[in-house]
Amino acid sequence: SCSWHHASFRSEIHLYNLSEFPEPALVLNLEHRESADDILLEVVLPELERRGLSQNEFARKTLLKVYDVIRSQKIIHYFKETSQEIDHVLDVFIRTNSGGTKLEFADLLMSIAVASWDGDFRQELDDLTAFIHQSNDIGFYIERDWILKTSLMLIGADVKFKVKNFRKEQIAAIQSEWANIKDCIIETFRLVRRFGINPQSLTSKNAVIPICYYLYKHENNGIALYKYINNLAKAHEQRQNISQWFYIVLLKGIFGGQADSTLSSMREVLAKHISDDAFPLNQIIGRYKGTNKDLRFDDEYIEGLLDIEHGEGRCRALLHLLFPEKEVTERFHIDHLHPKGSFEKKNLQQHAFLCETPELMKFYADKKNWNSIVNLHLLNDSQNLSKSDKPLASWLNDSNNDLTPEALLAGGVSLDFQSFKDFHAIRRLRLKNRLISRVLTSENTSNSAIREEFDEEVVEEQAVPL
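When you line the sequence shown up against this note's numbering, it's residues -17 to 448, in that order.
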């Protein structure tokens, strides 16, 4: 049998194995007595004598105190648990400990991993977390349990957080590959940042794990892909296919529920096509057709995406999917084409053409029209600085601006503010057609199920590596 003890002052979990005692002194199984004399003479001393501890003063005082606390003082609640399954034991421990220092199942598994690691595994994880969080070209915060799950994925083990998946064999396999696993994780997050995704728009860190697996396992002439994926002179098609897949899964939110099952099935597809020349985007899409993880887009879902507003987690991923030609070495800002300030109530009321037409005023004042993807675009630092609050027409006519109406999918459309409704209608249609060309579509993809599961970490956790 096993007993867990949480020492909060050290933030550690210690596992005591009592297997060397064939009949552990379970206080609940001892005879019940009321008076202190009877407890000492008829319960404690006979039990100590049976165990050969009758002369041990510490054992006598300890057993007497434990008996008193559990059987006499009525200060705790207890129940008898018959299951010896370690995963169940840990669940019970977490529930009973919920009133004290909060522990997650991953914390307990972490202690098992640390105990099996030759060295300081906890420090290794903390160093990796700090490096990724503090690097200027990465900047994501990842948790220890994410690293543990990714490591299980890479060594081909079951990714579920169960004790059986953290035995010495698995931990030894992770440790033997740790240098490569660590480098692969770093390069994967560096790649994700190159895709234009920042900590606020990374709505699912689980979506990064399959990329990490593919970069780790796919080789070219014996060299793992993660070692050169961020070399812009190489692997252009790989980056393009991976990024397209990544934007799609972020937009569909397929890791919002049953993430472990999704990771396992995704690994099966990737492993089957690991030797293919390019990332198996179409094969992955085919694997999930007709399921609640369907990666295809129907018309209703596409229309909903075009309603995404500035500030939503999926906004940046959608813009990068729509405009994939963006230079990967630049950082982009999400900017309103027709300036946000133009739609403030006090400014709208200064336009006679709006005041004379209540229906048109209602359209301009509706935030869903001017704050959605239809009026948004990605601008690099210099473009964003030159744009500022300038009207769209005058900014595009500036000789220093290298953007064209065609690049914005607004060619042949009046860019004057008074034509915003026409601009909105035409650009929305062109964005929809562009999106359809970038994804696979279906008349019905059970998107209601997917939407119910879309509940992921939308912003970066405000945390400091432990």
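No residue lacks a Cβ here, since even glycine has one placed at the ideal position from N, Cα and C.
Subject >> Rounded straight-line distance, which links the Cα of Trp352 to that of Asp242 >> reply: 39 angstroms
Original post:
Between which two residues does the alpha helix (DSSP H) containing Leu27 stretch?
Top reply: 27 to 32
Subject >> Cα-Cα separation between Leu263 and Cys337, rounded to whole angstroms >> reply: 51 angstroms
Subject >> Strand pairing of Leu303, partner residues [DSSP] >> reply: Note: Leu303 sits in no beta bridge, so no partner.
**OP:** Go to Ile156, then tell me how far its alpha helix (DSSP H) extends in each direction, as first and last residue.
**Re:** 150 to 158
**OP:** Decide if the region 278 to 295 is in contact with the region 205 to 222; the criterion is three or more beta carbon pairs, one per stretch, under 8 angstroms apart.
**Re:** no
Original post:
Around the Cβ of Ile205, are there at least 16 other Cβ atoms within 10 angstroms (buried) or fewer (exposed)?
Top reply: exposed
Original post:
Going by alpha carbons, who is nearest to Val395 out of Arg410, Gln55, Gln152, Asn383?
Top reply: Arg410
Subject >> DSSP state of Ala215 mapped onto helix, strand, coil >> reply: coil
**OP:** Taking the CB atoms as reference points, tell me whether His320 and Asn357 lie closer together than 7 angstroms.
**Re:** yes
Subject >> Three-way DSSP call (helix, strand, coil) for His14 in this model >> reply: coil
Original post:
From Glu29 to Ser65, what distance separates their C-alpha atoms?
Top reply: 26 angstroms
Original post:
Near Ile316, which residues of its chain fall below 7 angstroms by C-beta distance, leaving aside the five closest residues on each side in sequence?
Top reply: His292, Cys297, Arg298, Leu301, Leu358, Leu360
**OP:** Thinking Asn188 and Leu245 are a contact (beta carbons under 8 angstroms), I'd like their distance in whole angstroms, please.
**Re:** 7 angstroms
**OP:** Specify the secondary structure class of Leu397 as computed by DSSP and reduced to three states.
**Re:** coil
Subject >> Where the alpha helix (DSSP H) containing His115 begins and where it ends >> reply: 103 to 116
Original post:
Can you tell me whether DSSP reads Ser315 as helix, strand or coil?
Top reply: Per the sequence presented here, residue 315 reads as His, with Ser not at that position. In the structure shown, His315 sits in a strand (DSSP, three-state: E or B).
**OP:** Determine the extent of the alpha helix (DSSP H) in which Leu361 is found, giving its start and end residues.
**Re:** Where Leu361 is concerned, there is no enclosing alpha helix (DSSP H), although the beta strand (DSSP E) it sits in stretches over 358 to 362.
**OP:** Leaving out five residues on either side along the sequence, give the residues of the same chain with a beta carbon under 7 angstroms from the beta carbon of Ser459.
**Re:** Residue 459 is absent from the model: the chain starts at -17 and stops at 448.
**OP:** Please name the residue in Thr339, Trp227, Leu207, Gln105 whose C-alpha comes closest to that of Pro306.
**Re:** Trp227
Original post:
Could you give the residue range of the alpha helix (DSSP H) that holds Gln265?
Top reply: 263 to 269
Original post:
Taking Ile193 as the reference, which of Glu201, Leu173, Thr185 has the closest Cα?
Top reply: Leu173
**OP:** For Ser93, verify whether its CB is less than 6 angstroms away from any heavy atom of the ligand PLP.
**Re:** Questions concerning the ligand PLP fall outside what the structure shown contains, since it holds no ligand whatsoever.
Original post:
Any idea if Gln331 is buried or exposed, counting beta-carbon neighbours within 10 angstroms, 16 or more meaning buried?
Top reply: exposed
Subject >> Under the three-state DSSP convention, the category Ser36 falls into >> reply: coil
Original post:
Just checking my contact of Gly178 with Phe261 at CB under 8 angstroms: how many whole Å lie between their CB atoms?
Top reply: Not really, about 18 angstroms apart at Cβ, beyond 8 angstroms.
Original post:
Going along the chain, which residues of its own chain have a beta-carbon closer than 6 angstroms to the beta-carbon of Phe335, five neighbours each way excluded?
Top reply: Gln400
Original post:
What three-state label does DSSP hand Thr423 in the structure shown?
Top reply: strand
Subject >> Beta-bridge partners of Asn202, as assigned by DSSP >> reply: Ile205
Original post:
In chain order, what residues of the same chain have a beta carbon less than 7 angstroms from the beta carbon of Ser133, not counting five sequence neighbours either side?
Top reply: Ile156, Ile163
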